[in-house]
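Colleague: The structure is given below, and queries will be raised subsequently.
Residue numbers (the working numbering), protein chains in the order written: chain A, 1 to 267; chain B, 268 to 534; chain C, 535 to 801.
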């Protein structure tokens, strides 16, 4: 699993295939998410109307669902798109933004997980804990917990719905069944840029479009996020120049960047 | 038509008049669109509520409609705003984002075109082909065709609804009646920034607010887009620094930039 | 009031407490608003669903309401969140974006003001005039008036609903009861970046979360906006590099920046 050439192979596939990634995501992160997918080499589309989501999901290479600014009609659209994706065998990635902060978010995320059985569930530790236990306490959309605190919760959720669970933090933990992968790339400015968690989820969708292993796709996405973050952090003057440099770094990512920087361990 | 001073005259008018441009556009591009209009010198407003769209459109100098993240209520708002604009003689610019990717988008764009007869229809080649023929195949919101492939389709659409058709690509084609204008300014990073097509549409609205010729307004907008793109590309490290430099270049655009760089031909 | 150390104390409190700021705001400014709150040290969340707004507002340290892209369901959500905030004693900041441009905006802003009695009302001069008088004439979301023209209107509104009124412009005027504070920091590029007014409102929310005086919170927020703007302006090549530098400046803000630059006067 800790193989830089496997990560790079996925990046090259994304660049060569430009897979269409259908996103039903939040208003805050839509623009950044689309730009990150374009920078990586994928082709993003955002669509949420019930009249078109099944058609759009059905012609995509992956479906990304994100409840960051959810409302009842959008949840309906997510279920509809998700069911179309399932029928077509298209991988789904779910980001339970703010699960644990309100009952509506927790319950919606649990329903999407149960009904759609995504290939990857990607969230912060507080969100993953909120989905697996009755422990609430997400602070808005920010985590109050370190990823390791959510390891058992991630294992339980993975066993329940069958996909991988990707928990982001200073050290990311990606779990599926008995497998655990940790990636330790990244930069302290990353939590100071809104929507970078949502970007991690969308990039996970792009990797899932070219790699049939949910565990590998999720781990490769987190590694690429973290490596681009490290490159961006060198010379950034603050969170906004960091964000710009992050997107430029994704676009310019080279095999040797991954070879030199990858911090990934399987356990 | 290939007259740099005519392009510059429009830029000066926009800067002097700061025309109010009413946008009903997609969530992804709203922020960039507003910033591009401000950088050019126009005054953007975004409003979509049925309670206010006719009043807002009626007090604007141009109306920009963009179906990038459409839904039924927003289409209703577009029709309502468009009818108010027509009654007041305010030019409308339509961007059929993703026409050809789903039936909902194709049919909505056709209906807006038929009912509102915009001054300018601005899209990529796949979208224009999808509106004129039964040939589908837009990939999400990205084109699979070069602009020249859509020349006949653009001619047919222009003849049907009476306005100009502006097809963007490495060489943009702007058609109205028997007239064809080509602009060849631009930079390869432009398709890697989300929403730059939507920006082209919004800037076309600003030019239509100060130039009564739909063909000239559309061509001047594409020329200014491309020239700002060329300036931005010099020194950009990737798509995000390109985007920043593009907006700064729009703001700083000078007559001599247009004189030195304009690549526009009438046929 | 013109005490740099009092401004700095609030900044330090925000950085130490990372108060959760619940925003129901417009689509255009959501991303920038969230990034500005993060750069300052606060923890932003965006949520508008009726199923969750009272729960989210009730667990927040301040509620920011902004009608920039309002629609009837969002106004309902604002009232619901606002009532929850009032019950819990959580300060509310209201931005009446575009009041005076359409009847829907003027009437909605008046209703939110009357029903929710926010701690701070923050807008441009045309918006404040439109709320206090029958004089309309806001140009989309841009002001046609200087702040001083709205001084009496601000006084009347403050007397009516009891909170502070913060009128932004080259010299900002903040009024509550008989008190008037003026802040004169800022940069000419600020009105050329979309959503910076909305950012001023959101930062006012962050200051209101740590300072119980609505007048001081509003004045400190405008001072910090203006000082970050001045720092950003040094070396900016245009509005987009200005925006990036503004966020970086907020993140890097130091006590000596405020001490050296603060231009605040009480009258």
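For glycine and all other residues, C-beta sits at the position ideal for the given N, C-alpha and C.
#1: Taking the runs of the beta strand (DSSP E) that are 3 residues or longer, which of them lie wholly in the stretch 135-179 of chain A?
#2: Would you check if the distance between the CB atom of residue 601 of chain C and the CB atom of residue 631 of chain C is smaller than 8 Å?
#3: Return the CA-CA distance between residue 569 of chain C and residue 78 of chain A, expressed in angstroms with no decimal places.
#4: By how many angstroms is the C-alpha of residue 327 of chain B removed from the C-alpha of residue 517 of chain B?
#5: Is the CB of residue 675 of chain C under 8 Å away from at least one CB in chain B?
#6: State buried or exposed for residue 216 of chain A, treating a residue as buried only when at least 16 other CB atoms are found within 10 Å of its CB.
#7: Since residue 296 of chain B contacts residue 466 of chain B with CB under 8 Å, what's their CB separation in whole angstroms?
#8: Output the distance between the C-alpha atoms of residue 769 of chain C and residue 701 of chain C, rounded to the nearest integer angstrom.
#9: So, do the stretch 447-454 of chain B and the stretch 470-477 of chain B have three or more beta carbon pairs nearer to each other than 8 Å?
#10: Pick out whichever of C:573, C:557, C:536 has its Cα sitting closest to the Cα of residue 550 of chain C.
#11: Determine, for residue 371 of chain B, whether the minimum Cβ-Cβ distance to residues of chain A falls below 8 Å.
#12: Which complete alpha helix (DSSP H) runs does the stretch 337-395 of chain B hold, if anything under 4 residues is left out?
#13: Take residue 726 of chain C and list the residues in its own chain whose beta-carbon comes closer than 7 Å to its own, dropping the five residues that flank it on each side.
#14: By the 10 Å Cβ neighbour count, where 16 or more other Cβ atoms means buried, how is residue 457 of chain B classified, buried or exposed?
#15: How big is the Cα-Cα spacing for residue 324 of chain B and residue 671 of chain C?
#16: Quick check: the Cα distance between residue 775 of chain C and residue 519 of chain B, rounded to an integer number of angstroms?
#17: Give me the Cα-Cα distance between residue 151 of chain A and residue 627 of chain C, rounded to the nearest whole angstrom.
#18: Assuming residue 120 of chain A and residue 204 of chain A make a contact with CB atoms under 8 Å, what is their CB distance in whole Å?
#19: Verify the CB distance criterion: does residue 515 of chain B have a CB-CB separation below 8 Å to chain C?
#20: Could you tell me if residue 496 of chain B is buried or exposed, where buried requires 16 or more neighbouring beta carbons within 10 angstroms of its beta carbon?
#21: If you check the beta carbons only, do residue 91 of chain A and residue 62 of chain A fall under 8 Å apart?
#22: Which first and last residues belong to the beta strand (DSSP E) in which residue 21 of chain A is found?
#23: So residue 218 of chain A and residue 122 of chain A are in contact, right, with Cβ under 8 Å, and what is the actual spacing, rounded?
#24: Using the beta-carbon of each residue, which ones in chain B are nearer than 9 Å to residue 91 of chain A?
#25: Nearest chain B C-beta to residue 131 of chain A closer than 8 Å, yes or no?
#26: For residue 331 of chain B, which beta-bridge partners are listed by DSSP?
#27: Run through the DSSP bridge pairs and tell me what residue 44 of chain A is partnered with.
#28: At least one CB of chain B closer than 8 Å to the CB of residue 727 of chain C: is that the case?
#29: Could you say which of C:586, C:647, C:640, C:649 lies nearest to residue 101 of chain A if we only look at CA atoms?
#30: Using beta carbons (cut-off 8 Å, strictly below), is residue 38 of chain A in contact with chain B?
#31: For residue 66 of chain A, would you say it is in contact with chain B, using Cβ-to-Cβ distances shorter than 8 Å as the test?
#32: Please report the straight-line C-alpha distance between residue 374 of chain B and residue 514 of chain B, rounded to a whole angstrom.
#33: Per DSSP, residue 800 of chain C is paired with what?
#34: State yes or no: is the C-beta of residue 553 of chain C within less than 8 Å of the C-beta of residue 792 of chain C?
#35: If we define contact as Cβ-Cβ less than 8 Å, is residue 299 of chain B a contact residue for chain A?
#36: If I follow the unbroken alpha helix (DSSP H) through residue 249 of chain A, where does it start and stop?
Modeller: In short:
#1: The stretch 135-179 of chain A contains these whole beta strand (DSSP E) runs: 164-168, 172-176.
#2: Reading the third chain from its first residue, position 67 is the one you call residue 601 of chain C. Reading the third chain from its first residue, position 97 is the one you call residue 631 of chain C. A contact, by the Cβ cut-off of 8 Å.
#3: Along the third chain, read from residue 1 onward, the residue named residue 569 of chain C stands at position 35. Along the first chain, read from residue 1 onward, the residue named residue 78 of chain A stands at position 78. Each residue's Cα considered, the two are about 26 Å apart.
#4: As a first step, residue 517 of chain B must be located in the second chain, where it is residue number 250. As a first step, residue 327 of chain B must be located in the second chain, where it is residue number 60. Whole-angstrom Cα-Cα distance: 22 Å.
#5: Reading the third chain from its first residue, position 141 is the one you call residue 675 of chain C. Closer than 8 Å to some Cβ of chain B, the Cβ of residue 675 of chain C qualifies, so yes.
#6: Looking up residue 216 of chain A in the first chain gives position 216. Within a 10 Å sphere around the beta-carbon of residue 216 of chain A sit 16 or more other beta-carbons, which makes this residue buried.
#7: On the second chain, position 29 is the one that residue 296 of chain B refers to. On the second chain, position 199 is the one that residue 466 of chain B refers to. 7 Å between Cβ atoms; contact.
#8: The residue given as residue 769 of chain C occupies position 235 in the third chain. The residue given as residue 701 of chain C occupies position 167 in the third chain. Our two residues, residue 769 of chain C and residue 701 of chain C, have alpha carbons roughly 27 Å apart in a direct line.
#9: Not touching, per the Cβ criterion.
#10: Within the third chain, the letter at position 16 stands for residue 550 of chain C. Out of C:573, C:557, C:536, C:573 has the C-alpha closest to the C-alpha of residue 550 of chain C.
#11: Stepping through the second chain from its first residue, residue 371 of chain B is reached at position 104. The beta carbon of residue 371 of chain B falls within 8 Å of a beta carbon belonging to chain A, placing the residue at that interface.
#12: Contiguous alpha helix (DSSP H) elements confined to the stretch 337-395 of chain B occur at 339-355, 370-383, taking only those with 4 or more residues.
#13: Reading the third chain from its first residue, position 192 is the one you call residue 726 of chain C. Same-chain partners within the cutoff: 773.
#14: Counted from its first residue, the second chain places residue 457 of chain B at position 190. Burial call: buried.
#15: Position 57 of the second chain holds residue 324 of chain B. Position 137 of the third chain holds residue 671 of chain C. Inter-residue distance for residue 324 of chain B and residue 671 of chain C is about 14 Å (C-alpha atoms, whole angstroms).
#16: In the third chain, the residue the question calls residue 775 of chain C occupies position 241. In the second chain, the residue the question calls residue 519 of chain B occupies position 252. Roughly 12 Å between the two C-alpha positions.
#17: Reading the first chain from its first residue, position 151 is the one you call residue 151 of chain A. Reading the third chain from its first residue, position 93 is the one you call residue 627 of chain C. Approximately 39 Å between the Cα atoms of the pair.
#18: For the purposes of this step, residue 120 of chain A is taken as residue 120 along the first chain, with counting starting at 1. For the purposes of this step, residue 204 of chain A is taken as residue 204 along the first chain, with counting starting at 1. With a Cβ gap of about 5 Å, residue 120 of chain A and residue 204 of chain A count as contacting.
#19: To locate residue 515 of chain B, count along the second chain from 1; it is residue 248. It does; some Cβ of chain C falls within 8 Å.
#20: Residue 496 of chain B sits at position 229 when you count from the first residue of the second chain. With 16 or more other Cβ atoms from the protein chains shown falling within 10 Å of its own Cβ, residue 496 of chain B counts as buried.
#21: The sequence position of residue 91 of chain A within the first chain is 91, counting from 1. The sequence position of residue 62 of chain A within the first chain is 62, counting from 1. For residue 91 of chain A and residue 62 of chain A, yes; Cβs fall inside 8 Å.
#22: By one-based count along the first chain, residue 21 of chain A stands at place 21. 20-24 is the span of the beta strand (DSSP E), which, as asked, contains residue 21 of chain A.
#23: Residue mapping note: residue 218 of chain A aligns to position 218 of the first chain, counting from 1. Residue mapping note: residue 122 of chain A aligns to position 122 of the first chain, counting from 1. About 7 Å separates the two Cβ atoms, so the contact holds.
#24: If you number the first chain from 1, residue 91 of chain A lands on position 91. Against chain B, a Cβ distance below 9 Å from residue 91 of chain A picks out nothing, because the smallest value is about 17 Å.
#25: In the first chain, residue 131 of chain A corresponds to position 131, counting from 1. It does not: the Cβ of residue 131 of chain A has no partner Cβ on chain B nearer than 8 Å.
#26: As a working mapping, residue 331 of chain B is identified with position 64 in the second chain. Residue pairing by DSSP puts residue 331 of chain B in a beta bridge opposite B:290, B:360.
#27: Position 44 of the first chain holds residue 44 of chain A. Bridge partners of residue 44 of chain A: A:21.
#28: Within the third chain, residue 727 of chain C is the residue found at index 193, counting from 1. With respect to chain B, the C-beta atom of residue 727 of chain C has a partner C-beta closer than 8 Å.
#29: Mapped onto the first chain, residue 101 of chain A falls at position 101. Checked all of C:586, C:647, C:640, C:649; the closest Cα to residue 101 of chain A is C:586.
#30: By one-based count along the first chain, residue 38 of chain A stands at place 38. At least one C-beta of chain B is nearer than 8 Å to the C-beta of residue 38 of chain A.
#31: On the first chain, position 66 is the one that residue 66 of chain A refers to. By the rule that beta-carbons nearer than 8 Å mark a contact, residue 66 of chain A does not touch chain B.
#32: For the purposes of this step, residue 374 of chain B is taken as the residue at position 107 of the second chain. For the purposes of this step, residue 514 of chain B is taken as the residue at position 247 of the second chain. Looking at the two C-alpha atoms, the distance is approximately 33 Å.
#33: In the third chain, residue 800 of chain C corresponds to position 266, counting from 1. Beta-bridge pairing links residue 800 of chain C to C:715.
#34: Sequence index remark: in the third chain, residue 553 of chain C carries index 19 (1-based). Sequence index remark: in the third chain, residue 792 of chain C carries index 258 (1-based). Result no, Cβ atoms of residue 553 of chain C and residue 792 of chain C do not sit closer than 8 Å.
#35: Mapped onto the second chain, residue 299 of chain B falls at position 32. Output row for residue 299 of chain B: interface = yes.
#36: Working through the first chain from its first residue, we reach residue 249 of chain A at position 249. Note, residue 249 of chain A: alpha helix (DSSP H), 239-252.
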